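If you want the working numbering, it's the 1-based position in the sequence shown plus 1.
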Amino acid sequence: MKTPFAGERLHFVTLLDVLRDLAANASMTTLWSLRNYRLLFSASAISNLGDGVSALAFPWLATLITRDPMLIAMVAFATRLPWLLFSIPAGVWTDRMDRRRLMVQADMVRMLLTFGVVAVILSAPEFPVARAELYIAAISVLAFLLGSAEVLRDNAAQTVLPAVVSADQLERANGQIWSIEQIMGSFVGPPLAGLLIAMAVPAPFVLDAATFALAAGLVWCMAIAPRLAPTRRSWAEEAREGIAWLRGHRVILQLAILLGLMNAISLMTLTILILYSQEILGLGAAGHGLLLTAGAAGGVAGGLLCPAIAARLGRRQSLLVALAILSAALGVIWLATSIWLVALALFAEMFAALLWNVVTVSYRQRLIPDDLLGRVNSLYRFFGWGMMPFGALIGGAIVSAVEPSMGREIALRLPYILGALGMGMVWLYSWRRLHL
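Next up, the structure:
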């Protein structure tokens, strides 16, 4: 399950559009009549269900092992670090390899690694454990390896669709897949994870492993004509072409760096949300899962309404409005004493993130040449997603540093006011310097 600021292509359709197409009769003109598309769509749905389950299960597991915010942040750091380390090479690798096979291999690796998490859980005599650092280190290593496989899998999945549907079906197919990913990863996955954790701590990870295995099997059953082998050049030469293009387009480079700052702030607050939810709001695993669906609802509402808002306000004004909402939402969480206020703030935060994406993703799609799209997108991810692990560490460090002098509750709230101020500074820079 991704952070609010995707930094990649998005398409916006409503759930009604998805259901209407799936209910349509199976004529050759409908996407659902295409076997490869059905398999890919189903694999995306199942794989994102697993991502949604793990998005809650991993941080919750960390809080069962320890209450130390810095150790908990280490798990989030390890999960996101691969986006910094491997985004650029992944863009080159997926252009060179059989993308279907790469997706299958990545999902099978993720299945085995998830069973490794189950083994770590079963090895713990009780929670919280006496040697918390050792268990957090083991979970962090597994989270890093899972994130590395996810980077490759996601890059391959983004590029395989043109081999599955015709060019005039791409927008609709992408929109349907994005919608089902949101529904399974954000609506179904987190609440299900909460219920499973309440039953047994290993249960969500067993389900996660099963979803990876099933997704791999569905993709393996796809019949895709082999691609012509691309002309091989050195990895560095191919990467330099993307770097040169991005350096020559100041606005897109600005957007990538701003995205990185925004995602760092987002991960700083998201890492602490699990402790905020438990200790300030008094929520259990199931309640926290339901709280996360408020953000998902904001994403769906944003997918429906933000294209029209962006068209009405224009690109620059839409970005400024999105940043203002993001800053205000974090400020509300800082002060909130009500679960409903936090839920409303999470809804607004995701809605604003979608407004940002409507503008910036469409802007990039129009400007980046097709033959450079994969490499420039991977560079954009390097900046936009590469700062997320550092945001996670900063969140844990702030709470650890402040708690001894100011108390636990103030320490858990502090990242949100700092995040609100940080988003305000991004707004100020954008108001003065960003012109698109």
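Each residue gets a CB set at the ideal place from its N, CA and C atoms; glycine is no exception. Note that the structure is a prediction, hence the values are computed from the model and not measured.
Does the separation of the CB atoms of residue i and residue j fall below 8 angstroms?
i: Asn-358; j: Val-165; result: no
i: Arg-376; j: Glu-242; result: yes
i: Ile-266; j: Gly-385; result: no
i: Ala-204; j: Leu-215; result: no
i: Ala-217; j: Asp-108; result: yes
i: Trp-428; j: Ala-325; result: yes
i: Gly-425; j: Met-269; result: no
i: Thr-80; j: Gly-148; result: yes
i: Thr-95; j: Ala-157; result: yes
i: Val-220; j: Arg-101; result: yes
i: Ala-311; j: Phe-348; result: no
i: Val-54; j: Ala-194; result: yes
i: Gly-285; j: Ala-199; result: yes
i: Val-119; j: Val-207; result: yes
i: Val-161; j: Ser-88; result: no
i: Val-360; j: Arg-316; result: yes
i: Leu-413; j: Ile-275; result: no
i: Leu-57; j: Pro-163; result: no
i: Ser-401; j: Met-71; result: yes
In this structure, how does DSSP classify residue i when only helix, strand and coil are distinguished?
i: Glu-134; result: helix
i: Cys-307; result: helix
i: Leu-50; result: helix
i: His-289; result: helix
i: Met-351; result: helix
i: Phe-128; result: coil
i: Arg-68; result: coil
i: Ser-34; result: helix
i: Ala-224; result: coil
i: Ser-319; result: helix
i: Pro-203; result: coil
i: Thr-294; result: helix
i: Val-152; result: helix
i: Met-98; result: coil
i: Ile-281; result: coil
i: Ile-273; result: helix
i: Val-160; result: The sequence as given places Thr at residue 160; Val does not occur at that position. Note: Thr-160 maps to helix in three-state DSSP.
i: Gly-408; result: coil
i: Leu-208; result: helix
i: Ala-25; result: Annotation note: pLDDT 45 at Ala-25 (below 50); position unreliable, coordinate value reported separately. Of the three classes helix, strand and coil, the one that applies to Ala-25 here is coil, per DSSP.
i: Gly-249; result: coil
i: Ile-178; result: helix
i: Val-403; result: helix
Using 10 angstroms around the beta-carbon of residue i, count the other beta-carbons present and answer buried if the total reaches 16, otherwise exposed.
i: Gly-408; result: exposed
i: Met-75; result: buried
i: Thr-64; result: buried
i: Pro-370; result: exposed
i: Ile-178; result: buried
i: Glu-238; result: exposed
i: Ile-137; result: buried
i: His-436; result: exposed
i: Trp-61; result: buried
i: Asp-52; result: buried
i: Pro-126; result: exposed
i: Leu-82; result: buried
i: Leu-524; result: Absent from the model: residue 524. The displayed extent of the chain is 2 to 437, so no value can be given.
i: Glu-350; result: buried
i: Arg-248; result: exposed
i: Gln-318; result: exposed
In angstroms with no decimal places, state the Cα-to-Cα distance between residue i and residue j.
i: Pro-308; j: Leu-321; result: 15 angstroms
i: Leu-114; j: Arg-434; result: 45 angstroms
i: Arg-440; j: Ala-150; result: Since the first residue shown for the chain is 2 and the last is 437, residue 440 is missing from the structure and cannot be characterised.
i: Pro-405; j: Val-121; result: 31 angstroms
i: Ile-73; j: Asn-264; result: 18 angstroms
i: Gln-183; j: Ile-418; result: 28 angstroms
i: Leu-259; j: Gly-387; result: 12 angstroms
i: Arg-301; j: Ala-131; result: It should be noted that the sequence gives Val, not Arg, for residue 301. Rounded to whole angstroms, Val-301 to Ala-131 spans 42 angstroms at the Cα level.
i: Leu-355; j: Leu-336; result: 24 angstroms
i: Ile-225; j: Thr-272; result: 40 angstroms
i: Asp-209; j: Trp-33; result: 26 angstroms
i: Arg-154; j: Tyr-364; result: 25 angstroms
i: Glu-410; j: Leu-50; result: 33 angstroms
i: His-250; j: Ile-66; result: 46 angstroms
i: Ile-340; j: Ile-334; result: 10 angstroms
i: Trp-432; j: Leu-123; result: 52 angstroms
i: Gly-261; j: Met-389; result: 7 angstroms
i: Leu-422; j: Ala-330; result: 11 angstroms
i: Leu-135; j: Val-142; result: 11 angstroms
i: Tyr-430; j: Val-403; result: 28 angstroms
i: Leu-293; j: Ser-48; result: 19 angstroms
Does residue i come within less than 8 angstroms of chain B when only Cβ atoms are used?
i: Val-301; result: No chain B is part of this structure, which consists of one protein chain only.
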